[in-house]
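Residue numbers (this note's numbering): 309 to 597.
Idealized CB from N, CA, C, for every residue including glycine.
Notes follow once the structure below has been shown.
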C-alpha cells in the first residue's frame, strides 16, 4: 500500500470527527461534562478491541527513560489539547474551527524541524506558509480576519499542542517501543480515567440515543487517531501533516451539506489552491527522501 494512503484517510477521518463533535455538542446538546468522558469511554473500548490484531509492546524499549518521558508528555499534552479543543468547538462554527485547525499541520512540521534540523526544507516551508495564508484569507471577512475571541484562541492553542504531540508520537513510534494501536489504547485509557475524575459525569442523564451517538463517535475517533498514528510511523511527520491540510476542504463540504452552514466562494477557491500546493509539497517531500 502507498504510505500516503494512510495520512490521506486520516485527513478524511479528522474532518469527520470535527463534524461529529460539532453535531454532538451543539445539535444534540450533550454537555461537555458528559460528552468528553462519554466519548473517551468509547474511544477506550474501541482502542482496546483494536489491540486484538494490532497490539504490540516491547517493554524493554518502552521502559527507557527517554521513551517514558515521551509517553508522559504525550498523555499530558493530549489531556490539555482535548479540553481546549472541545471547548473551542462548542462555540465556533465547524467550518471556522477547521480553518483554525489547518495551523496544526504547519505547527507539526515546524516543531519536527526543531527536533531534527537536518530535515528542514525551504520549499516545503514556503508551500506550508502559503497554504496557511490562503486559509487565513479564506476565513477573513472584508479583508480582515474574523474577531479572535477566547474560544478561537483555545482552538489555536489546541492545534499547536496537537502538532507537538504528533512529533512526540512520531519519535516514540520510530523507536519501535510499541505499535501505534498500543500507544493509542494506553493514551485513551489514561485520558478516560483522568477526564472521568475531573468532570464527574452523570451518564444517567444521557439518553440511549445520545449514548449510541457517542458509541459511533468513539469508533470514528479511534479510526481517525489510529490512521494518524500509523501515518506518522509509516509516512513520516511531514507527509502526514501535508495530507492533514486537506481536512478543511472536506469540512467545507460537510458543513455546507449536513450542518447547512453558509460557505463563501473565496473559501472554495482558496481550498482548491491549497490542494494544488499540497500536491506540489508532497512531490517535493518524496524527491528528498
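Classification of residue i by the beta-carbon crowding that lies within 10 angstroms, buried from 16 upward
i	result
residue 473	buried
residue 557	buried
residue 417	buried
residue 477	buried
residue 252	For the chain, the structure presents residues 309 to 597; residue 252 sits outside this window and is missing.
residue 492	buried
residue 415	buried
residue 377	exposed
residue 460	buried
residue 398	buried
residue 506	exposed
residue 503	buried
residue 300	Since the first residue of the chain shown is 309 and the last is 597, residue 300 is not available in this structure.
residue 424	exposed
Alpha-carbon to alpha-carbon, residue j and residue i
i	j	result
residue 514	residue 338	8 Å
residue 488	residue 320	19 Å
residue 329	residue 575	22 Å
residue 391	residue 428	31 Å
residue 412	residue 347	22 Å
residue 342	residue 326	17 Å
residue 387	residue 582	30 Å
residue 353	residue 541	23 Å
residue 383	residue 499	7 Å
residue 375	residue 368	10 Å
residue 441	residue 344	32 Å
residue 350	residue 525	8 Å
residue 485	residue 421	22 Å
residue 589	residue 510	47 Å
residue 579	residue 372	43 Å
residue 536	residue 318	5 Å
residue 426	residue 545	14 Å
residue 480	residue 466	21 Å
residue 495	residue 438	34 Å
Beta-carbon proximity list for residue i, same chain, < 7 Å, skipping 5 on both sides
i	result
residue 315	539, 543, 547, 548, 551, 552
residue 336	518, 521
residue 334	398
Inter-residue CB distance, residue i and residue j (contact presumed, cutoff 8 Å)
i	j	result
residue 560	residue 586	Actually they are not in contact, since the Cβ atoms of residue 560 and residue 586 sit about 15 Å apart, beyond 8 Å.
residue 385	residue 469	5 Å
residue 312	residue 396	No, residue 312 and residue 396 are not in contact; Cβ-Cβ is about 29 Å, not under 8 Å.
Contact set for residue i: own chain, Cβ-Cβ below 6 Å, skip 5 residues either direction
i	result
residue 562	327
residue 529	325, 351
residue 584	none
Closer than 8 Å to chain B by CB, residue i
i	result
residue 467	Of the chains in the structure shown, none is chain B; there is only one protein chain.
Sequence-distant residues of its chain with Cβ nearer than 8 Å to residue i (five each side left out)
i	result
residue 660	With the chain running from 309 to 597 in the structure shown, residue 660 is simply not present.
residue 497	352, 355, 356
Inter-stretch contact at 8 Å, needing at least 3 Cβ pairs: the stretch 519–533 / the stretch 378–392 = No contact exists between the stretch 519–533 and the stretch 378–392.
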